[in-house]
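Peer 1:
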Amino acid sequence: MEGNIKLIRDDGLRLDGRANNEMRPIKIQTGVVQRADGSAFIEWGANKIIVAVYVREAYPKHAQNIDRAIVKARYNMSGYSVEERKRPGPDRRTMEISKVVSEALSSAIVLEKLPRAEVDVFIQVLEADAGTRIASLTASSVAVADAGVPMRDLVVGCTAGKADGKVVLDLSKDEDNFGQADIPMAILPRTGKVVLLQLDGNVTEEEFNEATSMMMEAMPRISELQRNALMDKYSLEDGE
Amino acid sequence: METKKIVYPGDKIETDDLKPRNGMYESNSEFFSEYFGVIQESEKFIDVAPFNSPYLPRVNDKIIGKIMDIGPTMWTVDINSPYYSLLHMNDTPWHVSSGDLERYLNVGDYVYARISVSNEIRESWISMRDNGMRKLETGRIISVKPPKVPRVIGKGGNMINIIKTYTDTKVIVGQNGFIWVDGEIDNVKKAIDAIRIVEKEAHTIGLTDRMEEYLKKMKGEN
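The listed protein sequences derive, respectively, from chains A and B. The opening position of the first sequence corresponds to residue -14 in my numbering, with each subsequent residue numbered one higher. The opening position of the second sequence corresponds to residue 5 in my numbering, with each subsequent residue numbered one higher.
#1: Can you tell me the Cα-Cα spacing of F163 of chain A and W129 of chain B, whole angstroms?
#2: Could you check what DSSP says for A206 of chain B in three-state terms: helix, strand or coil?
#3: Hey, would you say I13 of chain A sits closer than 8 Å to I27 of chain A, going by beta carbons?
#4: For H99 of chain B, name the three-state secondary structure that DSSP assigns.
#5: Would you call the region 52 to 59 of chain B and the region 20 to 29 of chain B touching, i.e. three or more CB-CB distances under 8 Å?
#6: When the cut-off is 8 Å and only beta carbons count, does M136 of chain A lie next to chain B?
#7: Where DSSP assigns a beta bridge to Q183 of chain A, which residues make up the other side?
#8: Which of helix, strand or coil does DSSP assign to T15 of chain A?
#9: Can you tell me which of the three DSSP states M(-14) of chain A falls into?
#10: Taking the beta carbon of V63 of chain B as the centre, do at least 16 other beta carbons fall within 10 Å, making it buried, or is it exposed?
#11: Do T169 of chain B and N191 of chain B count as a contact pair if the criterion is CB distance below 8 Å?
#12: Considering F163 of chain A, what are the terminal residues of the beta strand (DSSP E) in which it resides?
#13: Check whether the region 49 to 64 of chain A touches the region 31 to 48 of chain B, taking contact to mean three or more Cβ pairs, one atom from each stretch, closer than 8 Å.
#14: Suppose only complete runs of 3+ residues qualify. What are the beta strand (DSSP E) ranges in the region 35 to 62 of chain A, listed by chain order?
#15: With a threshold of 8 Å between beta carbons, is L229 of chain A in contact with chain B?
#16: Please confirm if S89 of chain B has its CB atom under 8 Å from at least one CB of chain A.
#17: Under 8 Å, Cβ to Cβ, is there at least one residue of chain E near N56 of chain B?
#18: Expressed to the nearest angstrom, what Euclidean distance is found between the alpha-carbon atoms of D223 of chain A and T208 of chain B?
#19: Note down, in chain order, all residues in the region 34 to 59 of chain A with a beta-carbon under 7 Å from any beta-carbon belonging to chain B.
#20: With R138 of chain B as the anchor, note down where its beta strand (DSSP E) starts and where it stops.
#21: Tell me which residues share the same chain as R126 of chain B and place their Cβ nearer than 6 Å to its Cβ, disregarding the 5 neighbours each side in the sequence.
#22: At a CB distance below 9 Å, what residues from the region 159 to 181 of chain A approach chain B? Give them in sequence order.
#23: Got a sec? Which residues, its chain only, sit under 8 Å from G181 of chain B by beta carbon, not counting five neighbours each side?
#24: Suppose only complete runs of 3+ residues qualify. What are the beta strand (DSSP E) ranges in the region 114 to 152 of chain A, listed by chain order?
#25: Along the chain, where does the alpha helix (DSSP H) containing Y170 of chain B start, and where does it finish?
#26: Chain A partners of I125 of chain B, CB-CB under 8 Å?
#27: Where does N191 of chain B fall in DSSP's three states?
#28: Please list the segments of the beta strand (DSSP E) lying wholly inside the region 26 to 89 of chain B, counting only runs of 3 or more residues, in order along the chain.
#29: For the region 141 to 155 of chain A, which residues have a CB atom closer than 8 Å to at least one CB atom of chain B, in sequence order?
#30: Could you have a look at L154 of chain A and say whether DSSP puts it in helix, strand or coil?
#31: Taking only beta carbons into account, state which residues of the region 101 to 125 of chain B come closer than 7 Å to chain A, listed in chain order.
#32: Helix, strand or coil: which one does DSSP assign to R126 of chain B?
#33: Quick check on DSSP: helix, strand or coil for P169 of chain A?
#34: Which two residues bound the contiguous alpha helix (DSSP H) that contains V86 of chain A?
#35: Could you check what DSSP says for K178 of chain A in three-state terms: helix, strand or coil?
#36: Using a Cβ-Cβ cut-off of less than 9 Å, give me the residues of the region 204 to 220 of chain B that come near chain A, in sequence order.
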């Protein structure tokens, strides 16, 4: 089946007209949930995801960590966020994403500063169009920074993969479904440490290296968008 | 408009000759910001002041708390923080006997109190045995972001004082971000509006003068 589907056009561009190493447009906004400690909304291509962050004493008490905070991300998809209605509630996939996002955020947050606390990250996917785990993580780290939780760095993520035998950046829905591989990755940009890396599909070592270097190149651009999102709220407060 | 240098989590901080203090972490003897905030330099120290952060209890902070729960000898108090605080019956101005706590303070009541003990795991106890500490019976409570509290108070209390004089209200600012406002209903509304403006424009320069003008105008309309 793989061979039958054309994902790269004859002119070398992808179906949606992007070049190999071109991202979909990204828009991030903070301060979208009034009563949350911090929040963010991200539009990554057609993905629409809202994130709210709450900091509080961990409950129940026996779940508290005496010397550090725990991070609980909860990824949830709306029923009609995908083409065919998704049965609401947690399933294997959403629990996996919740786990990897929690762990990626944990490595950025200065957990020792908030003993016994719990950082709740509620991620609601309103519309999904491939790459939601990375979009969720990117937005979550902005929301956590907006909440004023101490962080070592802003986590930034990106995906790459293999479609029609070629390595491409930021897979679209079709490339994700009918391509040969999908590699999401997230890093702490200051040190370049990898905090999330998964691979679904088959790639050769060269292709994998090409994909990661392509993502590393794209990260600073996403990072810049995260900073601008935080800054935008500040300039609004400035009355401008 | 003059603005201070803004930093994001992970940004390198040039300490020069100043001692790094709050809001940064060390890595390979270099310093990096922990918050999205502004750089604040004083004579000896350099700090990162976050735009937003949860309130963390500090001993001797005068705070406003809301009673959440009643135990046999203690009240559990919400102090606008991720962490609850405790108020023991012996730390009140009354002679409370155990099991009889709701006669003095009930769930939903507000108190003005002082943090008397706080430890490294952020447990804290508050005390009402001090001058001016009491139950807040009338008035309204609003909350502002904890990092904005110093601006609401102003240098030597001048910001809160002009708000009090021009709106003719009684105001208590808790260092945890809860603020108690009491007076005529219209005046209370005006005072709350004024505090909201200060909270919004906390990082701008010359705010006290602008607020004074704003309050004069408000009073003129009366």
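Note that beta-carbon positions come from the ideal geometry of N, C-alpha and C, so glycine has one too.
Peer 2: Let me lay it out:
#1: Each residue's Cα considered, the two are about 60 Å apart.
#2: DSSP places A206 of chain B outside both helix and strand once states are collapsed to three, so it counts as coil.
#3: For I13 of chain A and I27 of chain A, yes; Cβs fall inside 8 Å.
#4: DSSP places H99 of chain B in coil when its eight states are reduced to three.
#5: Touching, yes.
#6: Taking a beta-carbon distance threshold of 8 Å, M136 of chain A counts as an interface residue toward chain B.
#7: Under DSSP, Q183 of chain A shares a beta bridge with no residue.
#8: Strand, per DSSP.
#9: Caution is warranted here: a pLDDT of 49 is assigned to M(-14) of chain A, below 50, making its placement in the model unreliable, and the coordinate value is therefore given only provisionally. Of the three classes helix, strand and coil, the one that applies to M(-14) of chain A here is coil, per DSSP.
#10: Exposed is the label assigned to V63 of chain B, since fewer than 16 other Cβ atoms lie within 10 Å of its Cβ.
#11: When the beta-carbon positions are compared, N191 of chain B and T169 of chain B stay at least 8 Å from each other.
#12: DSSP places F163 of chain A outside any beta strand (DSSP E); the residue lies instead in the alpha helix (DSSP H), whose first and last residues are 158 to 163.
#13: Result no; under three Cβ-Cβ pairs closer than 8 Å.
#14: Every beta strand (DSSP E) of 3 residues or more that sits fully in the region 35 to 62 of chain A is shown, in chain order, as 55 to 62.
#15: This structure does not reach residue 229 of chain A, given that chain A is present from -14 up to 225, and the question cannot be answered.
#16: Cβ-Cβ to chain A under 8 Å: no for S89 of chain B.
#17: Checking the listed chains, one finds no chain E in this structure; the protein chains it contains are A and B.
#18: Any reading at D223 of chain A must be qualified, since the residue scores a pLDDT of 48, below 50, and its modelled position is unreliable; no value is offered.
#19: Along the region 34 to 59 of chain A, the positions whose C-beta sits under 7 Å from a C-beta of chain B are V40, R41, E42, I51, read in chain order.
#20: Unbroken beta strand (DSSP E) run through R138 of chain B: 138 to 140.
#21: Within its own chain, the residues whose Cβ lies closer than 6 Å to the Cβ of R126 of chain B, once the five positions on either side in sequence are excluded, are Y87, listed in chain order.
#22: Taking 9 Å as the Cβ-Cβ cut-off, the region 159 to 181 of chain A approaches chain B at L173, P174, R175, T176, given in chain order.
#23: Excluding its 5 nearest sequence neighbours in each direction, G181 of chain B has C-beta neighbours in its own chain below 8 Å: Y59, N84, S147, V148, K149, P150, K152, V153, listed in chain order.
#24: Entirely contained in the region 114 to 152 of chain A, the beta strand (DSSP E) runs reaching 3 residues are, in chain order, 141 to 148.
#25: Following the DSSP letters along the chain, one finds Y170 of chain B inside the alpha helix (DSSP H) bounded by residues 162 to 171.
#26: What I125 of chain B touches in chain A: I51, D52, P100, R101.
#27: Helix, per DSSP.
#28: Counting only runs of 3 or more, we get 28 to 31, 34 to 37, 41 to 45, 49 to 54, 66 to 74, 78 to 82.
#29: Legend: CB atoms of the region 141 to 155 of chain A lying less than 8 Å from CB atoms of chain B are not found in any residue.
#30: In this structure, L154 of chain A counts as strand in the three-state DSSP scheme.
#31: Result list: I125.
#32: Of the three classes helix, strand and coil, the one that applies to R126 of chain B here is coil, per DSSP.
#33: Note: P169 of chain A maps to strand in three-state DSSP.
#34: Segment 77 to 91, the alpha helix (DSSP H) holding V86 of chain A.
#35: The answer is strand: DSSP assigns K178 of chain A an E or B state.
#36: Cβ contacts with chain A: K204, E205, A206, H207, T208.
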